[in-house]
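**Student:**
2 protein chains.
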Amino acid sequence: MTLRYWRDLSAILHQYAQMTFSNPIIEAGLAGLSQLYADRAVTPVEACEAYLSRISRLDPALGAYVHVEADTARAAAHRSAERWAKGEPLSPLDGAPIAVKANIAVEGAPWHAGIEAYRHRIAEGDATVVARLREAGAVILGLTNMHEGAFGAVTDNPWFGRTHNPWRHDYSAGGSSGGSAAAVAAGLCAAALGSDTLGSVRIPSSLCGVFGHKPTQGLLPTDAVAPMSWTLDHVGVHGRSADDCARLLAGCCGAEPELAAEIAEPASLDSLRGATFAVLDLDGFDIDAAEKEAFVGLAGRAAGLGLELETLTLMPAVFAEMRRLGVFISAAESTAAHAEALAATPELFSEAYKGRMIEGERQSAAALARAYRELAELAADVRERLAPFAALLLPTTPMPAFPFTEAHKLTPGALTTLANGLGLPATAFPTGLSDDDLPLSGQALAWDDETSLGLARALALPVGAPLSFRG
Amino acid sequence: MTLRYWRDLSAILHQYAQMTFSNPIIEAGLAGLSQLYADRAVTPVEACEAYLSRISRLDPALGAYVHVEADTARAAAHRSAERWAKGEPLSPLDGAPIAVKANIAVEGAPWHAGIEAYRHRIAEGDATVVARLREAGAVILGLTNMHEGAFGAVTDNPWFGRTHNPWRHDYSAGGSSGGSAAAVAAGLCAAALGSDTLGSVRIPSSLCGVFGHKPTQGLLPTDAVAPMSWTLDHVGVHGRSADDCARLLAGCCGAEPELAAEIAEPASLDSLRGATFAVLDLDGFDIDAAEKEAFVGLAGRAAGLGLELETLTLMPAVFAEMRRLGVFISAAESTAAHAEALAATPELFSEAYKGRMIEGERQSAAALARAYRELAELAADVRERLAPFAALLLPTTPMPAFPFTEAHKLTPGALTTLANGLGLPATAFPTGLSDDDLPLSGQALAWDDETSLGLARALALPVGAPLSFRG
Chain R
0 MTLRYWRDLS AILHQYAQMT FSNPIIEAGL AGLSQLYADR AVTPVEACEA YLSRISRLDP
60 ALGAYVHVEA DTARAAAHRS AERWAKGEPL SPLDGAPIAV KANIAVEGAP WHAGIEAYRH
120 RIAEGDATVV ARLREAGAVI LGLTNMHEGA FGAVTDNPWF GRTHNPWRHD YSAGGSSGGS
180 AAAVAAGLCA AALGSDTLGS VRIPSSLCGV FGHKPTQGLL PTDAVAPMSW TLDHVGVHGR
240 SADDCARLLA GCCGAEPELA AEIAEPASLD SLRGATFAVL DLDGFDIDAA EKEAFVGLAG
300 RAAGLGLELE TLTLMPAVFA EMRRLGVFIS AAESTAAHAE ALAATPELFS EAYKGRMIEG
360 ERQSAAALAR AYRELAELAA DVRERLAPFA ALLLPTTPMP AFPFTEAHKL TPGALTTLAN
420 GLGLPATAFP TGLSDDDLPL SGQALAWDDE TSLGLARALA LPVGAPLSFR G
Chain H
0 MTLRYWRDLS AILHQYAQMT FSNPIIEAGL AGLSQLYADR AVTPVEACEA YLSRISRLDP
60 ALGAYVHVEA DTARAAAHRS AERWAKGEPL SPLDGAPIAV KANIAVEGAP WHAGIEAYRH
120 RIAEGDATVV ARLREAGAVI LGLTNMHEGA FGAVTDNPWF GRTHNPWRHD YSAGGSSGGS
180 AAAVAAGLCA AALGSDTLGS VRIPSSLCGV FGHKPTQGLL PTDAVAPMSW TLDHVGVHGR
240 SADDCARLLA GCCGAEPELA AEIAEPASLD SLRGATFAVL DLDGFDIDAA EKEAFVGLAG
300 RAAGLGLELE TLTLMPAVFA EMRRLGVFIS AAESTAAHAE ALAATPELFS EAYKGRMIEG
360 ERQSAAALAR AYRELAELAA DVRERLAPFA ALLLPTTPMP AFPFTEAHKL TPGALTTLAN
420 GLGLPATAFP TGLSDDDLPL SGQALAWDDE TSLGLARALA LPVGAPLSFR G
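Line by line, the protein sequences are chains R and H.
Residue numbers for the first sequence follow numbering that gives the first Met the number 0, beginning at 0 and rising by one.
Residue numbers for the second sequence follow numbering that gives the first Met the number 0, beginning at 0 and rising by one.
1) Distance cutoff 9 Å, beta carbons only. Does Phe428 of chain R sit that close to anything in chain H?
2) For Gln362 of chain H, name the three-state secondary structure that DSSP assigns.
3) Measure from the C-beta of Ile328 of chain H to each C-beta in chain R and report whether the shortest distance is under 9 Å.
4) Let me know the secondary structure DSSP gives Thr127 of chain H once reduced to three states.
5) Quick check on Pro461 of chain R: does DSSP put it in helix, strand or coil?
6) Counting contacts by CB-CB distance shorter than 9 Å, is Glu360 of chain R in contact with chain H?
7) Taking DSSP as the reference, what is the three-state secondary structure of His13 of chain H?
8) By Cβ distance, which residues of its chain are closer than 8 Å to Leu458 of chain H, with the 5 residues on each side in sequence left out?
9) Quick one, which residues of the region 189-214 of chain R are near chain H if we go by CB-CB under 9 Å, in chain order?
10) Terminal residues of the continuous alpha helix (DSSP H) containing Val44 of chain R?
11) By the criterion of Cβ-Cβ separation under 8 Å, what are the contact partners of Leu57 of chain R in chain H?
12) Unbroken beta strand (DSSP E) runs of length 3 or more, entirely within the region 321-407 of chain R: which are they?
13) Check each candidate in R:Tyr36, R:Glu106, R:Leu57 and R:Glu68 and name the one with the smallest Cα separation from Glu81 of chain R.
14) Leaving aside the five residues before and after Thr344 of chain H along the sequence, list all residues of the same chain whose C-beta is less than 6 Å from its C-beta, in chain order.
15) If the criterion is Cβ atoms closer than 9 Å, does the pair Val65 of chain H and His119 of chain H meet it?
16) Using the Cα positions of Ala191 of chain R and Ala386 of chain R, report the straight-line distance between them to the nearest angstrom.
17) Determine, using beta carbons only, whether Trp110 of chain H comes closer than 9 Å to chain R.
18) Select from the region 315-340 of chain R all residues with a C-beta closer than 9 Å to any C-beta belonging to chain H, and list them in chain order.
19) Thinking C-alpha only, which one of H:Lys213, H:Ile357, H:Ala338 and H:Gly253 is nearest Pro91 of chain H?
20) To the nearest angstrom, how far is it from the Cα of Met227 of chain H to the Cα of Asp380 of chain H?
21) Comparing the C-beta of Leu374 of chain H with each C-beta of chain R, is any distance below 9 Å?
22) Rounding to the nearest angstrom, what Cα-Cα distance links Glu68 of chain H and Leu142 of chain H in this structure?
23) Taking only the alpha-carbon atoms, compute the straight-line gap between Gly470 of chain H and Asp243 of chain H and give it to the nearest angstrom.
24) Check whether the Cβ atoms of Ala137 of chain H and Pro96 of chain H sit closer than 9 Å, and answer yes or no.
25) Among R:Ala135, R:Asp155, R:Ala40 and R:Glu45, which has the Cα closest to the Cα of Ala63 of chain R?
26) Classify Glu147 of chain H as buried or exposed, calling it buried when 16 or more other Cβ atoms lie within 10 Å of its own Cβ.
27) Provide the residue span of the alpha helix (DSSP H) that contains Arg73 of chain H, from first to last.
28) Assign Leu304 of chain H to one of three DSSP states: helix, strand, or coil.
29) Between Ala400 of chain H and Asn164 of chain H, how many whole angstroms is the CB-CB distance? I'm expecting something under 8 Å.
30) CB-CB under 7 Å to Tyr15 of chain R, same chain, minus the five flanking residues each way: which ones, in chain order?
31) Nearest to Thr395 of chain R by alpha carbon, out of R:Arg56, R:Leu197, R:Glu106 and R:Glu309?
32) Is there a Cβ from chain R that is less than 9 Å from the Cβ of Leu458 of chain H?
33) Is DSSP giving Leu437 of chain H helix, strand or coil here?
34) Report the CB separation of Ala135 of chain H from Gly250 of chain H in whole angstroms; it is logged as a contact under 8 Å.
35) Jot down the residue ranges of each uninterrupted beta strand (DSSP E) in the region 175-209 of chain H, minimum 3 residues, whole runs only, in chain order.
36) On a CA-only basis, which of R:Pro43, R:Ala84, R:Ala27 and R:Leu414 is nearest Leu281 of chain R? Give me that one, please.
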């Protein structure tokens, strides 16, 4: 495996080393940009303009944004520039150009969650996570497209359009946070907020070749996040590196500086050594050959870095059952959350979306009560299986990006729902490109955010910028 | 109000001062008994025999017990006697004769929760609360009758018989923990465990003239307690004084000595002075005149003791809505909990019980999802209303005990479900007898267990022993 690892790595390094954004402001990402601000090489106003200009130029064909907040972004960037000029930034996020998923309230902006019934709803206030980012000086560029109601993994939204995959037009960016992941991958924001109920941050991160992190349940508040399932919803982050994810996550944690400082630093490789990590046995899982190969490479890199690995058998049925319960609970809670609008304007919800929610009406209250209990019991069992390990490594999605026109036979969320059911943090990270140049992805599921982010940093094979977005 | 208070108090003191059990072992209650053990005036064997003898003699007509554990109780009492003889009791509960509600698992004993389908189910282990009591040296006398499945407030059980009210034969002891409250009132145990989902400890405590405490949610584990609603179920305690309740509660808390010590001591009157207490405005509530009058007397005593009082208006609709949600959630969770037995042997559940559970099947999963959310929102609102106060004083039940043969037009749990929805501790305590000699009851709902127990101790008007059980 070590030999294979070196072969893979050298091939990949050779192939992608130069694949970066030509504009250093864009290339810098989140952490790099604050360094440029500190060095007075770039101002937040320049960065904001660079991103707004790219959005105008590139987004019409991509479809990552549903709303751009150009004026308020410019105003925020000006205030940030004044602070940096005085050497008094509010935080390492001051002046960071951030995109926000359309189900998270941004005061004064549309807050529709990709649902036509709410197209004209304007958020009266910021969600707490957004308010914290503003307090940290972040510049909110706009709101990103998503799968209708967050209930799906394709982001082919019948009301707000498709988000194309930056790596291949007419291919899905994944979902439900498809717009956020695509915007990060295409360099249309430095980093982005998403939400993850059954995998909605990690799936599009996988398909778009970026990092996506679903935090520990309860770490980030979900107030003013239009609910899909309030018992499983998490706010998550998308970035072009594990460090960018950690930095944005720390900003979302707000006024808990100690916690924020800890999360802003993914666990170092040194601190990961000594623990034992589980590698999911993929035997019996229905997984695309390219993803499987990338996962073997990932395990090889982990071994090559001196991490202690053990194969763990968790039956596909465990993942399937967690997913069945998560989907049913989401159906019931989505139906409850949107009951008024569903009753008043059923025609403003797509048939596909209503079809997903229908189990919430069709099944009984007792069935839901049982589902909550079964989920809790299953989670307790799985936690026990995971207890000997510091983390579990597994693929993020069973396949890379797929065309909009093809019904994909594999379930994008087959391997992501587990972390939502467990309430544990999980990070998706790139593991190279397939033979036909689509990003592949690995996932680290750990007991704490620093460990999963640390594994992502240590084990990723970043894939650089998609060809059409480099310039 | 002060004048009235003195008139009431002197009348009541005159009337009931001598109404005690003639046997000092029985009269001692829980705390008194351990003093008798320490003084070597009585041994645990004598106490156990005294209680077992009363059970044989008096319970056939009362119906408080469904199963007596005479042999294991005697064996436990012998071991306890040896410890006391050596001056090495395990705890202040060592040798305490305790009764346990039939939905709480006692190893080797029937564990049927008043449901015919489980008549022959024998508990394979102790519920944690029972195990902790045994570790403290308690003597488990037996299991008490209850409303079928804990889903009701009458304890007229179609499979296991009626529990009569010790104050009046053919009157209900209340429920669902009717057997436990009746056993405490009739001197057939020193104290008892019950369970409280919508009021099941406090309602029968009210009707039987004893103290009943529902602890803070989560304080006591509910494992191996046959679920009615696992999101609202609490294990609670019945005793003949607030101190007895506190002592039994502390024993149930087990190996957390600091917490146990704090709970074993209800807040003193001195420590209660200085805080402000809310007195529920009963305007608009449908409450029996005798209970209303007793509540006025209770408020008068509180003022007379120098407590700062303020009238609080919480609309009857708030209580009704909390109750509607609690009943529906209980229906769904009860249906889920008993699904297998319901499917296999529907004839072993009464029509009345199935009628209560039917909403769990009839209503949708989405309706239940909405109910959980509405309950959480309502609880948050009420907590805000209660925030300025150290506790809320209110009646326990809208009426005293009622005959089995009469459908009571008032809802016994109308005023108790609030505490379950809030997850806050509440203590029911006697407030005298009605003109026709039925116990009346007040309720203290507080932010911590010590305060509600302290108020119960300070404000109760104990009613002594029912006439037919004094000898």
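Ideal placement from N, C-alpha and C gives every residue a C-beta, glycine not left out.
On a predicted model such as this, the values are computed, not experimentally measured, just so you know.
**Tutor:** Taking the geometry as given:
1) no
2) In the three-state scheme derived from DSSP, where H, G and I count as helix and E and B as strand, Gln362 of chain H is classed as coil.
3) yes
4) helix
5) coil
6) yes
7) Residue placement at His13 of chain H is flagged as unreliable, the pLDDT there being 46, under the threshold of 50; a coordinate-derived value is accordingly withheld.
8) Leu297, Arg300, Ala301, Leu304, Leu392, Phe428, Thr430, Gly441 and Ala443
9) none
10) Pro43 to Leu61
11) None at all; the shortest Cβ gap to chain H is about 40 Å.
12) Entirely contained in the region 321-407 of chain R, the beta strand (DSSP E) runs reaching 3 residues are, in chain order, 390-394.
13) Nearest of R:Tyr36, R:Glu106, R:Leu57 and R:Glu68 to Glu81 of chain R, Cα basis: R:Tyr36.
14) Ala116
15) no
16) 32 Å
17) no
18) Residues passing the 9 Å Cβ filter: Phe327, Ile328, Ala330, Ala331, Glu332, Ser333, Thr334, Ala335, Ala336 and Ala338.
19) H:Gly253
20) 25 Å
21) no
22) 8 Å
23) Counting only the Cα atoms, Asp243 of chain H lies some 22 Å from Gly470 of chain H.
24) yes
25) R:Asp155
26) buried
27) Ala69 to Ala84
28) coil
29) 5 Å
30) Note on Tyr15 of chain R: pLDDT 49, under 50, position unreliable in the model; the coordinate value appears next. Contacts found: Val462 and Gly463.
31) Nearest of R:Arg56, R:Leu197, R:Glu106 and R:Glu309 to Thr395 of chain R, Cα basis: R:Leu197.
32) no
33) coil
34) Contact holds; Cβ gap of about 5 Å.
35) 190-195
36) Closest by C-alpha distance to Leu281 of chain R, out of R:Pro43, R:Ala84, R:Ala27 and R:Leu414, is R:Leu414.
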